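Accompanying notes for the structure given below.
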Amino acid sequence: MNQQVVNPINEANTVNLKLRGFNVYQFDATESGAPTYNRRDFYKIVLSTSHMLIHYADQSMEVKGTFLFFSNPHVPYSVELLSPTHTGYSCLFNETFLQVAGRLESIQQSPLFKIGARPVFVLNQGQQAFLESLFEKMLQEQDGDYPFKDELVRNYIQLVVHEALKIQPSDKVIKNKSAASRIAALFLDLLERQFPIEAPQRPLTLRTAQDYANRLSIHVNHLNRAVKTTTGKSTTTHIAERIVGEAKALLQHTNWSIAEIAYGLGFDYPTHFNNYFKRVADQVPNAYRKQ
1 MNQQVVNPIN EANTVNLKLR GFNVYQFDAT ESGAPTYNRR DFYKIVLSTS
51 HMLIHYADQS MEVKGTFLFF SNPHVPYSVE LLSPTHTGYS CLFNETFLQV
101 AGRLESIQQS PLFKIGARPV FVLNQGQQAF LESLFEKMLQ EQDGDYPFKD
151 ELVRNYIQLV VHEALKIQPS DKVIKNKSAA SRIAALFLDL LERQFPIEAP
201 QRPLTLRTAQ DYANRLSIHV NHLNRAVKTT TGKSTTTHIA ERIVGEAKAL
251 LQHTNWSIAE IAYGLGFDYP THFNNYFKRV ADQVPNAYRK Q
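Below, the structure written as structure tokens:
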């Protein structure tokens, strides 16, 4: 069996993930440094032996030994290694992979993947051995040519999930932030999930503080107070800076016209986009592109 060894901090090559909806790999790496939150487009289950800090949404957890970690595309996270090595297995899968077999809803409703959940499970030797066997089976199926191997991998993922549900989650949370901090974290996560804009035909739909308050099912004044108290910036400022940041990326890295960028970012008219961009960036979009 050929096992793929990759760096777990810098995400694995996701070519296979994009082609077939899942990717399983084994890792053995050494890396440290400050955490960086990244946008991810897939669910991830990690079986790891290490000592690290996991920053997940609005909480930070210190874990040492062998543990399971669950993440989903809607919650930002990062890790800081506190030990020289980080070994184990990782399984990545997207929503399409589970939708095929009607498994997506059960995963989304699982407490392991919900926002606000504690996604780390410390393991004993017996649990570690059993879960390692499941990851090894996923590796074998991934490298094999069995025509129904996707269904087998889905079954193994479900077994990992159910095994974790039997285990009490780690309670070594370093800091539980205030309700305002949690609301701000959920807002910032929801804001980031609106990007990147992939086509003018699928425009940005959440553009105001009221839009985000409606989606989070809270009063807009409550949202504004929480975001301002936690970050020092208003909700509107965060939205404007993120929209203009996306606009700059599209101006720099695509050949979309100014009008297409405007429509993609939810503006009805290019002139409205020009004025908005100039107010935030102190120059018009066309000047920024030329520069």
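Taken in order, the sequence shown gives residues 1 to 291; the numbers are from full-length UniProt numbering. For every residue, glycine included, the Cβ atom is placed at its ideal position computed from N, Cα and C. Just so we're clear, the structure is a prediction, and the values are computed from it rather than from any experiment.
Find out if the Cβ-Cβ distance for the pair residue 299, residue 239 is shorter than 9 Å.
With the chain covering 1 to 291 only, the question about residue 299 has no answer from this structure.
Going along the chain, which residues of its own chain have a beta-carbon closer than 7 Å to the beta-carbon of residue 247, five neighbours each way excluded?
Stepping through the sequence shown from its first residue, residue 247 is reached at position 247. If we look at residue 247 and ignore the five residues flanking it on each side, its Cβ neighbours are 261, 265, 277 and 285.
Under a Cβ-count criterion, where at least 16 other Cβ atoms within 10 Å of its own Cβ denotes burial, should residue 39 be classed as buried or exposed?
The residue given as residue 39 occupies position 39 in the sequence shown. Bear in mind that a pLDDT of 45 at residue 39, under 50, signals an unreliable position, so the number given afterwards is only what the model happens to contain. When all chains shown are included, residue 39 counts as exposed.
Shortest alpha-carbon distance to residue 133 belongs to which of 64, 163 and 148?
As a working note, residue 133 is residue 133 in the sequence shown. Nearest option by C-alpha distance: 163.
Around the C-beta of residue 198, are 16 or more other C-beta atoms found within 10 angstroms, so that it is buried, or is it exposed?
Your numbering for residue 198 matches position 198 in the sequence shown. Label assigned to residue 198: exposed.
Which residue from 259, 291, 184 and 267 puts its Cα closest to that of residue 229?
In the sequence shown, residue 229 corresponds to position 229, counting from 1. Looking at the Cα atoms, 184 is the closest of the given residues.
For residue 236, count neighbouring C-beta atoms within 10 Å of its own C-beta (all shown protein chains included) and say buried if the count is 16 or more, exposed if not.
One-based indexing of the sequence shown puts residue 236 at position 236. Exposed: under 16 other Cβ atoms inside 10 Å.
Can you name, in chain order, every residue of its own chain whose Cβ lies under 6 Å from the Cβ of residue 287, other than the five neighbours on each side?
Taking the first residue of the sequence shown as 1, we reach residue 287 at position 287. Here the set comprises nothing.
Quick one: grab the DSSP three-state call for residue 238.
For the purposes of this step, residue 238 is taken as the residue at position 238 of the sequence shown. Three-state DSSP puts residue 238 in a helix.
Can you tell me which of 180, 153, 253 and 254 puts its alpha carbon nearest to the alpha carbon of residue 97?
Reading the sequence shown from its first residue, position 97 is the one you call residue 97. Among 180, 153, 253 and 254, the Cα nearest to that of residue 97 is on 153.
Can you give the beta carbon distance from residue 160 to residue 45, rounded, assuming they're within the 8 Å contact cut?
What you label residue 160 is simply residue 160 of the sequence shown in a count that begins at 1. What you label residue 45 is simply residue 45 of the sequence shown in a count that begins at 1. That belief holds up - the Cβ atoms of residue 160 and residue 45 are roughly 6 Å apart, short of 8 Å.
Report the rounded CA-to-CA distance for residue 155 versus residue 122, giving the unit in angstroms.
For the purposes of this step, residue 155 is taken as the residue at position 155 of the sequence shown. For the purposes of this step, residue 122 is taken as the residue at position 122 of the sequence shown. Approximately 22 Å between the Cα atoms of the pair.
Can you say whether residue 219 is buried or exposed, counting buried as having 16 or more other CB atoms within 10 angstroms of its CB?
If you number the sequence shown from 1, residue 219 lands on position 219. The residue is exposed, with fewer than 16 neighbouring Cβ atoms inside 10 Å.
Among 224, 273, 82 and 50, whose alpha-carbon lies nearest the alpha-carbon of residue 182?
The residue given as residue 182 occupies position 182 in the sequence shown. Nearest of 224, 273, 82 and 50 to residue 182, Cα basis: 224.
For the beta strand (DSSP E) that residue 145 lies in, which residues bound it at each end?
Counted from its first residue, the sequence shown places residue 145 at position 145. Taken as a continuous stretch (DSSP letters only), residue 145 belongs to no beta strand (DSSP E), as it is neither H nor E.
If residue 51 sits next to residue 77, beta carbons under 8 Å apart, how far is it from one beta carbon to the other, in whole angstroms?
For this step, residue 51 is matched to residue 51 along the sequence shown. For this step, residue 77 is matched to residue 77 along the sequence shown. Not a contact, Cβ separation roughly 17 Å.
Expressed to the nearest angstrom, what Euclidean distance is found between the alpha-carbon atoms of residue 216 and residue 144?
Taking the sequence shown and counting its residues from 1, the one referred to as residue 216 is at position 216. Taking the sequence shown and counting its residues from 1, the one referred to as residue 144 is at position 144. Going by the C-alpha atoms only, they are around 44 Å apart.
In this structure, how does DSSP classify residue 183 when only helix, strand and coil are distinguished?
Mapped onto the sequence shown, residue 183 falls at position 183. Residue 183: helix per DSSP, three-state reduction.
In its own chain, which residues sit with a C-beta less than 6 Å from the C-beta of residue 267, not counting the 5 before and 5 after it?
Position 267 of the sequence shown holds residue 267. Only 273 meet the Cβ criterion.
In or out: residue 275 buried (at least 16 other Cβ within 10 Å) or exposed?
For this step, residue 275 is matched to residue 275 along the sequence shown. Flag for residue 275 reads exposed.
For residue 24, is the beta carbon positioned less than 8 Å from some heavy atom of the ligand GTP?
With respect to small molecules bound, the structure shown includes none, and the ligand GTP cannot be examined in it.
Put residue 269 into one of helix, strand or coil per three-state DSSP.
Here residue 269 is taken as the residue at index 269 of the sequence shown, counted from 1. DSSP places residue 269 in coil when its eight states are reduced to three.
Within 10 angstroms of the Cβ of residue 257, are there 16 or more other Cβ atoms? Answer buried if so, exposed if not.
Here the question's residue 257 lines up with position 257 in the sequence shown. Label assigned to residue 257: exposed.
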